[in-house]
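Data block below; observations after.
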Amino acid sequence: MRCRTKHIDDKAAELDKYILPPVPQIKLPSLPAITDHTLANMISSHVHRPVTIQAYDSEVFVLETGGNNKFEDLHRIGEALYAGIAADYLQDTYPSYGHGIASTRSSHPAYEFTPKDIWICQTSVLTAYIGVVYLSRIRSVVSPCTRGQAVQYLSEYLQPIIEALADFVIHHLRIEEKRIQAIYPVNIVTAYTVPEGWMVEDEEAKMGKKLLHAHGKIGSIPTYNYEQVEGPWMNPPWIATCKVVDHDGNIWEEKATRLTKQLAGNVAAWKVLEAMGGGEKEN
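Heads up: the sequence shown begins at 214 in this note's numbering, then just goes up one per residue.
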């Protein structure tokens, strides 16, 4: 467990070094119209938390609010809608792409940013805008729609944006994952598959060593060599090589593979005995 924890920590450290390349220019659709002007005005006059008046660029203004949290409500609604639509798209498009090390980290990278980071402010305005579009459509007097229809409208609007971002991010994350795997390879350990027929041979080979050693044709004590099979198994098998010389100077040699040295040696001895023609057991 300690080794696995260290492996995760090492990968997390590598993740801290990673910087996603700049997002390419994405052709963005026009912003959907907002029919509720009262809600629309809240986007430009409120922020998700009270801060001192600052102008970060010519398009985004952060204003102190004096306790009104309407913008926060719009931001949360829009954020939840965007997250749900994005998660639904990713699940449908990349069903086999599981969570990586970034999803399991306790200190989420987004927590390291403050409201002074301009992209955080811009993101809040965007999610608030999504919330306003949703609310204005379900409250519309001219062309009212159901909540499901409003979500479907937002899903169709956001899909090209989410698709472009997902393709870009996942492409680069896969490249980064290969780089990390090259530094910290993961060894997949599996159980060795026992072939059919081993149980029958094991039953027939009981007392194989004793019977071979008592055989009248052998001219020397049988020798055994054991070698463990290399592979990604939690229970690597053993290969036993049994070698014996008969009275005529002929060399008899057989191999057997089993999960234990004792069984491998027994079966190898039994195979030598069979080859020499003395495999029948005494009653």
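Cβ coordinates follow ideal geometry from the N, Cα and C atoms, glycine included. All values reported here derive from a predicted model rather than from experimental measurement.
- Contact check for Val-480 and Ala-469: beta-carbon distance about 4 Å, within the 8 Å limit, so the pair qualifies.
- In this structure Gly-291 is in contact with Ala-341, their Cβ atoms being roughly 5 Å apart against a cut-off of 8 Å.
- Under DSSP, Trp-465 forms a beta bridge with Val-457.
- Counting only the Cα atoms, Leu-367 lies some 7 Å from Tyr-347.
- Fully contained in the region 329-378 are the following alpha helix (DSSP H) runs of length 4 or more, in chain order: 331-351.
- CA-CA distance, Val-457 to Lys-422, rounds to 12 Å.
- Scanning its chain for C-beta atoms nearer than 6 Å, with the 5 sequence neighbours on each side dropped, one finds around Ala-377 the residues Ile-239, in chain order.
- Checking the DSSP bridge columns, you'll see Tyr-437 partnered with Cys-455.
- A distance below 8 Å separates the beta carbons of Ser-349 and Ile-247.
- Counting along the chain, the unbroken alpha helix (DSSP H) around Met-412 starts and ends at 411-417.
- Judged by beta-carbon spacing, Asp-459 lies within the 8 Å limit of Ile-431, meaning their Cβ atoms are closer than that value.
- A residue is called buried once 16 or more other Cβ atoms fall within 10 Å of its Cβ, and Ile-388, having fewer, is exposed.
- In this structure Pro-449 is not in contact with Thr-403, their Cβ atoms being roughly 11 Å apart against a cut-off of 8 Å.
- DSSP lists no bridge partner for Arg-387.
- No Cβ-Cβ contact shorter than 8 Å links Leu-252 with His-385.
- Taking C-beta separations shorter than 8 Å and ignoring five residues to either side along the sequence, the partners of Val-345 in its chain run Ile-247, Asp-249, Leu-252, Ala-253, Met-255, Ile-256, Leu-287 and Gly-291, following chain order.
- Burial state of Arg-352 is exposed, judged by a 10 Å Cβ sphere holding fewer than 16 other Cβ atoms.
- Taking the C-beta atoms as reference points, Tyr-310 is found nearer than 8 Å to Ile-383.
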